[in-house]
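Have a look at the structure below before the remarks.
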Amino acid sequence: MIRKRLSRRTFLKSASATIALPWLESMTPLSAAQASTVATEAPRRLMFLSYPYGVTEEAWFPKTAGAKYEMPKALKPLERYRKYFSVVSNLSSQACPSVHSGCTTFLTCADVYRNPSIGFSNTVSCDQLAAEHFLGKTRLPSLTLTEKGEGGMGPGSSLAWDSRGSAIPGEGDPMKVFNKLFTPETLTEEQQRDRLARKESVLDTILDDAKRMERVISSSDKDKLDEYFTSVRQMERQLEETSQWIGKPKPKSPLALPEAEEFKGSQKIKLMYDLMVAALQTDQTRVCSYRQPLNVLLKELESGNCGSHQMSHYKGHDSRYEVSLRRDILQAQSLAYLIHKLGTTKDVAGNSLLDQTLVAYGSNIRTVHMQRNIPFLLAGGTGTGVKQGQHYVFEENDTPLANMWLSMLQHTGVQAESFSNSNGTLKEIFPV
């Protein structure tokens, strides 16, 4: 029987709707030559995951370098996936002096108090540089998820910061994320275009007013105005890119609508992972970030009076140490779930999502809030030449976390020569 290969742009049509299909087995190329062609079309993707207050370092970091390290107790749930990820030691994020701003600077590596006269001032996060690179190629430049009301995060409502160093709001409700990804727009195509046009006309008015003002203001104000122009142009570009998606149906969801209930602990984390995988699977975005919860995990573990901050100051093997270790194991179980999910899910080109996706997982501070040798794990990307299955130990105190972000950006195709306080790239992990 000859099997007909469906186009990756196949649609299901009815009298009332048109629905784009997610990846199906019948979309697989019929020949090795075709398979090679499809593989070259596969986009690279990035996923950034972070959590506050570090890890139980004695039980989290491997004792030896290389591929034959013994899996630490805190990472035991990941044992079966060891060839798909690497532990990276001695990355440091010392540019930021505020140890309680871990998640705030995880993706920016910025010294947020570098200018005393201004006070707090962040910079653009690496995920948003990647989102800019993919702008127009997907419906959403990036998917930004968060958990609100958590301590140990620092300022900001997610991991993401725009080009002006302003916080980008994240979404923490799984149902709202699902609706954003898969629920059809309630407005007609004409209404959506009208709404977009109104936004564009407002921007035009703002820009005209600002140009008139430029003639009568000081040089320092002109610099501020130029920064303002830049942000306006960015909004205009985003509006232009948004308009091309009007009238195009959202894809059919590969997972069910989350039920209207309160999600708890690791259950919610796994559900958010499912939503991110679905977004990548249907190529609605190629960049995801998630500021993960901690307090809800402690409730799930029934940690009693041991709060998240108190837990991070454990001494020896006291009761706080035991809570911290149980937290690490629960987080590792959730990460193992994500790696398995990515590995068994195909993208629109028929490739394993894990092969084409880099997953950065870590915390910007270590036990007792140290910013040297932060806990960091990198998964995926083996289909793009990334060398996994290792414990990489880089030079202590001389390997900025920014080197990792620069390496990931370049590997994804972003034209960047530096990022924040980077002093090089990690060629051991990213040889090509």
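Numbered according to mature numbering (1 follows the signal peptide of the UniProt record, and there is no 0), the sequence shown spans residues -32 to -1, 1 to 400.
The C-beta atom is built at its ideal place from N, Cα and C for all residues, glycine as well.
All values derive from a computational prediction rather than experimental measurement.
Check                                                                                                                                                                          : Outcome
Nearest-angstrom Cα distance between residue 366 and residue 343?                                                                                                              : 16 Å
Within the stretch 295 to 359, note down every full alpha helix (DSSP H) run reaching 4 residues or more, in order along the chain.                                            : 321 to 324
Determine which residues share a DSSP beta bridge with residue 139 and list them.                                                                                              : 113
Exposed or buried, which one is residue 236 when buried takes at least 16 other CB atoms within 10 Å?                                                                          : buried
State the DSSP-derived secondary structure class of residue 12, mapped to helix, strand or coil.                                                                               : coil
Just reading off the alpha helix (DSSP H) that residue 375 is part of, what are its end residues?                                                                              : 369 to 380
For residue 330, which residues of its own chain have a beta-carbon under 7 Å away from its beta-carbon, when the five flanking residues on both sides are left out?           : 18, 342, 343, 344 and 345
Between 15, 20, 307 and 25, which has its C-alpha nearest residue 289's C-alpha?                                                                                               : 25
Can you tell me whether residue 392 is buried or exposed, with buried defined as 16 or more other CB within 10 angstroms of its CB?                                            : exposed
If you compare alpha carbons, which of 252, 370 and 152 is closest to residue 332?                                                                                             : 370
Quick test of your reading: residue 52 and residue 307, contact by CB under 8 Å. State the CB separation rounded to the nearest angstrom.                                      : 6 Å
At the level of alpha carbons, what is the spacing between residue 264 and residue 185?                                                                                        : 51 Å
Could you tell me the alpha carbon to alpha carbon distance between residue 382 and residue 152, rounded to whole angstroms?                                                   : 32 Å
If I measure Cβ to Cβ from residue 360 and keep anything under 8 Å in the same chain, skipping five residues before and after, which residues do I get?                        : 33, 54, 55, 56, 57, 394, 396 and 397
Bridge partners for residue 256 per DSSP, in chain order?                                                                                                                      : 15 and 111
Give the straight-line distance between the Cα atoms of residue 89 and residue 379, rounded to the nearest whole angstrom.                                                     : 28 Å
Can you list, in chain order, the residues of its chain with a C-beta nearer than 8 Å to that of residue 388? Leave out the 5 residues immediately preceding and following it. : 63, 76, 77, 78, 91, 368, 370 and 373
Looking at the secondary structure, which residues open and close the beta strand (DSSP E) in which residue 56 lies?                                                           : 53 to 57
Using a threshold of 8 Å, state whether the C-beta atoms of residue 311 and residue 322 are closer than that.                                                                  : yes
Can you tell me the Cα-Cα spacing of residue 23 and residue 293, whole angstroms?                                                                                              : 8 Å
Could you tell me the distance, in whole angstroms, from the CA atom of residue 314 to the CA atom of residue 300?                                                             : 23 Å
Excluding the five sequence neighbours on either side, which residues of its own chain have a C-beta within less than 6 Å of the C-beta of residue 116, listed in chain order? : 140
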